[in-house]
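Colleague: Those protein sequence lines, which keep their order, are chains A and B.
Residue 1 in the UniProt record's numbering is what sits at position 1 of the first sequence, and the numbering runs on without skipping anything.
Residue 315 in the UniProt record's numbering is what sits at position 315 of the second sequence, and the numbering runs on without skipping anything.
Let me begin by handing over the structure; questions about it come next.
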Amino acid sequence: MKILIIEDEKALSDAVVNYLTAEDYLCEAAYDYETAVEKTELYDYDCVLVDINLPGGSGLDIIRLVKKRKKSMGIIIISARNSLDDKIEGLDIGADHYLTKPFHLAELNAQLKSIHRRINFDGNNQIIINEIKILPDAHQVFVHDNLLKLTKKEYELMQFFAANKNKVITKTGLAEHLWGDYMEVADSYDFIYGHIKNLRKKLLANGCRDYIQTIYGVGYKFDTSIGN
Amino acid sequence: MKLLTRTNLNFLSISLFIFLVGLIVFYFLLRKQVDANINAELAKKESNIRSELNMAHGMEKAPQSPADKIVIVPAPADETVRAFTDTILFDERAKYYVPHRQLEFTTEINGQKFLVKIYKSLAETDSLIVRILLLLTVVVVMLIVALLILNLHTSQKAWHSFYDTLEKVSHYDLNSQQEFSLQSSDIKEFNDLNRVLTAMTDRIKNDYYNLKEYTENASHEIQTPLAVITSKLEVLLQSDKLPEKELKTITDALEASSKLSRLNKTLLLLAKIENRQFPETKEVDLKELIQNHLENFEELIETKQIQVKLPESSFPIKMNPFLADIMIANLIKNGLRHNVKGGKLEFDINEEKLIVSNSGERIQGDEEQLFNRFYKASSSDKSTGLGLAIVQKICEVSGFQVQYAYHENLHQFSIFFK
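Put into structure tokens, the structure is as follows:
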């Protein structure tokens, strides 16, 4: 999947490119409005990450431009403004997601994965990781074709792990994915632990390998190399 | 004391003083003048009497009684008198004492010395003086009263704009969007005052908004470098080469930056609420909101084994839906955080108020400070200490009132909608 990252803060752009390149995405960066418009006109991208406040213009205008040319293009807004109006306007003109800075790269990755599935499978899709099969539309998880009975949070966890497999995921990143801004992060660590314990139990009970690794004090890693 | 009362009192006392002094001086001057006139009259009478006595050559024809205003008595030969004095005589007709002016003089008739006393009644002149003084008093009092009324009237008219200004200044609220316009006056001083006040409030307002804008901008600007820190650390976290100990260090830094970002977002939210950036309102069902939010906290409720009692009924409340959302979330969060194991969390809504109560220990310290920013009743370092400050700000901009009370081991937050 080819991604254009439109972000004027070079250091942030670099970090995103760095992270996503490791995920086998093809990444290009544009640091201002002009370059961004030029690139979207010259090349074909599957997805653009766009900052709203750009030198030379507004990211929203870029979204309008690319949506006119390619309806299916995935768009994620990354903005420092946590404003409801911006969010509504962005999503109105066709953005898939709205991320407020600072965001977790794991979260960005999970959103890119869902865009990837939308573009490539048109909704009819499944995620297969060894013996695990996830049907995102039905919110179902199978191990060796046995359907797991998961709670909503356990399912969300499973999907987040699948999107960020083999990556270190911080507790904070998980907490913000599961509860958004509502829960104080520090409160939620115990609950994360509880949900993960249950998820792991259900996976193991159906003959799944123990992929979920705890990294003490840091977070978790869904390590698919285990048992191979 | 009102300035108007003070000036009027001063005016009144000084005019009364001058009037009294003037009256007394006037009285004596008048008296003197009248006496001089009567003296002249008596002197004229004296010369008449002298010539009459000379012609009469005897006492028989001379008038004798005080009623005739002449008394002639023999006097020792060596006595020579001529003096004006005041005296009181009994008036036979009027049956009362009447003040008289008297002239005593001695005269010689046929070698015999006589003392002659002639009188002139002062009754008419006295009553004239009294009438003059009375008339004068009436005129002066009328003048003073008229001046007072005039003064009162013009002052009231002139001061009206001042009181208007005072009223407006005392109700001036920086946060309100109302235009601060003062009534113009035809008094230069008041116009000057209004001009200075308007300039001052404009300047204060400008500074205030600049500061608010600065807070908002600064918060925005902080988010981007924070995003750089977070993403760089997360990239670093993916490195296979780092031992677990280093990963822990990075995570700590990540957590700190995440906390900073949350704090920043919360402060930004507070600033936005204060700047009234959420003006649109619609009907909000608080019960539904509470139910939705409780789902987000189900783990917390389960772990603490908290019994939740939902409101029995719901009344639609008119407020900004986004603010309602935040207010409810913060109230629930607060009610759960400061709860005890097996405690209660109860909601009650009626037309006039929403009550959220939760079990918990009494707050150590000042309850008044509960809604202040960064006030933490417990030493928990988990909370930002901004939750209730946000609730209060939301109530403030929505025209609600929030109150805290503690009784029967329950913390009770009441939000009055009117």
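From the three backbone atoms N, C-alpha and C, an ideal C-beta is built for every residue, glycine too.
Strictly below 8 Å CB to CB, what residues from chain B border histidine 104 of chain A?
Modeller: Simply Thr230 and Glu234.
Colleague: Hey, is arginine 81 of chain A's beta-carbon within less than 8 Å of any beta-carbon in chain B?
Modeller: Interface residue, yes.
Colleague: Count the other CB atoms, across all protein chains shown, that sit within 10 Å of the CB of isoleucine 88 of chain B; report buried if there are 16 or more and exposed otherwise.
Modeller: Answer is exposed; the Cβ neighbour count stays below 16.
Colleague: Kindly indicate which three-state DSSP category arginine 195 of chain B falls into: helix, strand or coil?
Modeller: Of the three classes helix, strand and coil, the one that applies to arginine 195 of chain B here is helix, per DSSP.
Colleague: When DSSP labels each residue in this structure, what does glycine 342 of chain B get in the three-state scheme?
Modeller: Residue state, collapsed to three classes: coil.
Colleague: Beta carbon of valine 218 of chain A: closer than 7 Å to some heavy atom of the ligand MN?
Modeller: Ligands are entirely absent from the displayed structure, and the ligand MN is therefore not among its contents.
Colleague: If we cut at 8 Å on Cβ distances, does lysine 248 of chain B have a partner in chain A?
Modeller: It does; some Cβ of chain A falls within 8 Å.
Colleague: Comparing alpha-carbon positions, which option in B:Lys120, B:Thr303 and B:Arg93 lies nearest isoleucine 70 of chain B?
Modeller: The residue with the shortest Cα to Cα distance from isoleucine 70 of chain B is B:Lys120.
Colleague: Would you kindly work out how many angstroms separate the C-alpha atoms of asparagine 164 of chain A and asparagine 217 of chain B, rounded to a whole number?
Modeller: So the alpha carbons of these two residues sit roughly 34 Å apart.
Colleague: Helix, strand or coil for residue 229 of chain A per DSSP?
Modeller: Because chain A spans 1 through 228 in this model, residue 229 of chain A falls outside it and cannot be assessed.
Colleague: Beta strand (DSSP E) containing histidine 411 of chain B: first to last residue?
Modeller: Residues 410-416.
Colleague: Look up methionine 1 of chain A in the DSSP assignment and say whether it is helix, strand or coil.
Modeller: If DSSP states are grouped into helix, strand and coil, methionine 1 of chain A belongs with coil.
Colleague: Listed from N- to C-terminal order along the chain, which residues in the region 198-220 of chain B have their beta-carbon within a distance smaller than 8 Å of any beta-carbon of chain A?
Modeller: Taking 8 Å as the Cβ-Cβ cut-off against chain A, the residues of the region 198-220 of chain B that qualify are His220.
Colleague: Per the DSSP calculation, methionine 319 of chain B is bridged to which residue(s)?
Modeller: Note: methionine 319 of chain B sits in a beta bridge opposite B:Lys282.
Colleague: Leaving out five residues on either side along the sequence, give the residues of the same chain with a beta carbon under 8 Å from the beta carbon of valine 98 of chain B.
Modeller: Answer for valine 98 of chain B: Ile88, Leu89, Phe90, Asp91, Ser121, Leu122 and Ala123, listed in chain order.
Colleague: Quick one: Cα of proline 66 of chain B to Cα of glycine 22 of chain B, how far?
Modeller: Residue placement at proline 66 of chain B is flagged as unreliable, the pLDDT there being 49, under the threshold of 50; the coordinate-derived value follows with that caveat. Rounded to whole angstroms, proline 66 of chain B to glycine 22 of chain B spans 37 Å at the Cα level.
Colleague: Given that alanine 36 of chain A touches chain B, what residues does it touch there, using C-beta distances under 7 Å?
Modeller: Within chain B, no residue comes near alanine 36 of chain A; the closest Cβ sits about 17 Å away, beyond 7 Å.
Colleague: Quick one: residues in its chain with C-beta nearer than 7 Å to the C-beta of valine 356 of chain B, no 5 flanking neighbours on either side, listed in chain order?
Modeller: Taken in chain order, the residues that qualify are Leu331, Gly335, Phe347 and Phe413.
Colleague: List, in order along the chain, the chain B residues whose C-beta lies closer than 8 Å to that of isoleucine 215 of chain A?
Modeller: Those are Glu244 and Leu247, listed as they occur along chain B.
Colleague: Is the beta carbon of isoleucine 115 of chain A closer than 8 Å to that of glycine 180 of chain A?
Modeller: Their beta carbons are not under 8 Å apart, which means glycine 180 of chain A does not touch isoleucine 115 of chain A by this criterion.
Colleague: Answer yes or no: does any C-beta atom of chain A fall closer than 8 Å to that of leucine 268 of chain B?
Modeller: Yes, because at least one Cβ of chain A sits closer than 8 Å to the Cβ of leucine 268 of chain B.
Colleague: Report yes if the C-beta distance between lysine 297 of chain B and lysine 353 of chain B is below 8 Å; otherwise report no.
Modeller: According to the sequence as given, residue 297 of chain B is phenylalanine; it is not lysine. No, these two residues do not count as a Cβ contact at 8 Å.
Colleague: Quick check: is the beta carbon of lysine 265 of chain B nearer than 8 Å to any beta carbon in chain A?
Modeller: It does: the Cβ of lysine 265 of chain B has a partner Cβ on chain A nearer than 8 Å.
Colleague: For residue 472 of chain B, I'd like the list of residues in its chain whose CB is within less than 7 Å of its CB, leaving aside the five on either flank, ordered along the chain.
Modeller: The structure shown has nothing for residue 472 of chain B, since chain B only spans 1 to 418.
Colleague: Could you pull out every residue in the same chain whose Cβ sits closer than 8 Å to the Cβ of valine 340 of chain B, ignoring the five residues on either side in sequence?
Modeller: Excluding sequence neighbours, valine 340 of chain B sits near Lys304, Ser359, Gly360 and Glu361.
Colleague: Within 10 angstroms of its Cβ, does threonine 418 of chain B collect 16 or more other Cβ (buried), or is it exposed?
Modeller: The displayed chain sequence assigns lysine, not threonine, to residue 418 of chain B. The residue in question, lysine 418 of chain B, is exposed, as its Cβ has fewer than 16 Cβ neighbours within 10 Å.
Colleague: Could you tell me whether the Cβ atoms of alanine 162 of chain A and isoleucine 196 of chain A are closer together than 8 Å?
Modeller: No. Outside cutoff.
Colleague: Give the straight-line distance between the Cα atoms of glutamate 255 of chain B and threonine 172 of chain A, rounded to the nearest whole angstrom.
Modeller: When rounded, the distance between both Cα atoms is 7 Å.
Colleague: Classify residue 491 of chain B as buried or exposed, calling it buried when 16 or more other Cβ atoms lie within 10 Å of its own Cβ.
Modeller: Nothing can be reported for residue 491 of chain B: it is not among the residues displayed for chain B, which extend from 1 to 418.
Colleague: Count the other C-beta atoms from every protein chain shown that fall within 10 angstroms of the C-beta of threonine 224 of chain B, then say buried if there are 16 or more, exposed otherwise.
Modeller: By the 10 Å Cβ count, threonine 224 of chain B comes out buried.
Colleague: Are aspartate 164 of chain B and glutamine 178 of chain B close, meaning C-beta to C-beta below 8 Å?
Modeller: Result no, Cβ atoms of aspartate 164 of chain B and glutamine 178 of chain B do not sit closer than 8 Å.
Colleague: By the 10 Å Cβ neighbour count, where 16 or more other Cβ atoms means buried, how is aspartate 6 of chain B classified, buried or exposed?
Modeller: Reading the sequence as shown, one finds arginine at residue 6 of chain B and not aspartate. Under this definition arginine 6 of chain B is an exposed residue.
Colleague: Name the residue from B:Glu108, B:Val34 and B:Tyr375 whose alpha carbon lies nearest to the alpha carbon of isoleucine 49 of chain B.
Modeller: The candidate whose alpha carbon is nearest that of isoleucine 49 of chain B is B:Glu108.
Colleague: Measuring alpha carbon to alpha carbon, tell me which residue in A:Leu49, A:Leu65, A:Gln111 and A:Leu199 is nearest lysine 153 of chain A.
Modeller: When each option's Cα is compared against that of lysine 153 of chain A, the closest is A:Leu199.
Colleague: Applying a beta-carbon distance threshold of less than 7 Å, which residues of chain B neighbour asparagine 18 of chain A?
Modeller: Going along chain B in sequence order, the residues near asparagine 18 of chain A (Cβ under 7 Å) are Val235.
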